[in-house]
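Notes to accompany the following structure.
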Amino acid sequence: QCKVIEMPEFHRGNSLAYLNPAPPLDRNASSYYAVSPPPAGWDARRVESLLQEYNRYMLQILTIHEAYPGHYVQLAYSNRHPSLIRRVLYSGVFAEGWAVYTEQMMLDQGYGDGDLALRLNQLKWYLRSVANAILDHKMHCTPMSDEEALAFLTQRAFQSEGEALAKIIRAKQSSCQLSTYFVGRMAFYRLRQQIQRERGDKFQLGRYHEAVLDHGTLPVKYLPELVRERLKQDRDR
Numbered sequence: 003q004c005k006v007i008e009m010p011e012f013h014r015g016n017s018l019a020y021l022n023p024a025p026p027l028d029r030n031a032s033s034y035y036a037v038s039p040p041p042a043g044w045d046a047r048r049v050e051s052l053l054q055e056y057n058r059y060m061l062q063i064l065t066i067h068e069a070y071p072g073h074y075v076q077l078a079y080s081n082r083h084p085s086l087i088r089r090v091l092y093s094g095v096f097a098e099g100w101a102v103y104t105e106q107m108m109l110d111q112g113y114g115d116g117d118l119a120l121r122l123n124q125l126k127w128y129l130r131s132v133a134n135a136i137l138d139h140k141m142h143c144t145p146m147s148d149e150e151a152l153a154f155l156t157q158r159a160f161q162s163e164g165e166a167l168a169k170i171i172r173a174k175q176s177s178c179q180l181s182t183y184f185v186g187r188m189a190f191y192r193l194r195q196q197i198q199r200e201r202g203d204k205f206q207l208g209r210y211h212e213a214v215l216d217h218g219t220l221p222v223k224y225l226p227e228l229v230r231e232r233l234k235q236d237r238d239r
């Protein structure tokens with residue numbers, strides 16, 4: 003069960019939303035999709051900037067990422083794995099990569115009925131993942147200033163000023179985490195291309211996704227072999 007809640011005050015300021023999954027040792031507990039409202043102390047201009055960024059289209063993409071079929075579904079599969087180690091240990095590249103992968107996949111499979119505004123926001127959201135990886139590297143490996151980071155995010159990635167300022171703070175607090183979205187998404191994108199090319203007309207998207215998720219939240223470098231083996235078992239049955 004996934005419950006939508008208002009984000010607790012002490013968790014606010016790093017991101018607008020997150021998923022707190024059922025713990026691996028209590029898999030029957032609820033998961034919580036927490037969303038932060040605009041801070042009470044913000045003036046009207048800052049609130050408007052935030053809501054322009056997280057409009058009704060972007061919130062759908064965010065919910066695909068955080069809840070269904072993103073983090074909530076992936077971590078529910080992970081919690082079902084018989085290995086305690088697989089349930090407890092966690093690869094951020096896998097988790098974030100899967101969530102970003104699902105954003106485009108859902109629209110490609112018909113979610114939104116071809117709404118171009120929704121597609122545009124999905125592409126902008128993906129651009130954010132790309133920009134986040136660049137920002138992560140430049141802020142920790144080059145002398146990029148806050149002013150340069152703000153200009154990059156607003157002018158090259160088309161983020162609102164409010165979103166960009168919050169992202170700069172997050173980049174300072176979480177070195178290397180912002181890169182996991184793009185790195186993971188590319189791993190999932192390439193793996194699907196490979197498997198789809200290998201299986202041809204026999205490729206079934208739903209079964210492929212199950213083969214991907216059946217192994218826990220493990221490092222993505224192990225996925226190709228495991229996915230191929232799982233699909234081979236299905237074929238041999």
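In my numbering, the protein residues as written are 3 to 239. Glycine included, C-beta positions come from ideal geometry on N, C-alpha and C.
With contacts defined by Cβ atoms closer than 8 Å, R47 and H217 do not form a contacting pair. Here A42 carries a coil assignment [DSSP, helix/strand/coil].
Nearest to G99 by alpha-carbon distance, out of E50, L215 and Y56, is L215. About 7 Å separates the Cβ atoms of L137 and L155, confirming a contact at the 8 Å cut-off. A19 sits close to S38, with the two beta carbons spaced by under 8 Å. According to the DSSP assignment, A19 belongs to the beta strand (DSSP E) that extends over A19 to N22.
For I170, same chain residues with a beta-carbon under 7 Å away, outside a window of 5 residues either side, are D148, A151 and L152 in chain order. When beta bridges are read from the DSSP output, I7 appears opposite A36. With a contact defined as Cβ atoms closer than 8 Å, Y210 and R192 miss out at about 13 Å.
Assigned with DSSP and collapsed to three states, Q206 falls in coil, not helix or strand.
The DSSP-derived three-state label of N134 is helix. Residue burial is scored here from C-beta neighbours: L207 has fewer than 16 other C-beta atoms within 10 angstroms and is therefore classed as exposed. If you draw a 10 Å sphere on the C-beta of W44, you find fewer than 16 other C-beta atoms in it, and that means exposed. Sequence-distant Cβ neighbours of M108 in its own chain, meaning closer than 6 Å and more than five residues away, are I66.
If you compare the alpha carbons of A69, V49 and R29 with that of L21, the shortest gap goes to A69.
Contact check for M60 against N123 passes: the beta carbons are separated by less than 8 Å.
When the five nearest sequence neighbours on each side are left out, the beta carbons in the same chain lying within less than 8 Å of the beta carbon of S162 are those of S51, L52, Q54, E55 and T156, in order along the chain. The C-beta of V6 has fewer than 16 other C-beta atoms within 10 Å across all chains shown, which makes the residue exposed. The C-alpha of F160 lies about 37 Å from the C-alpha of V90.
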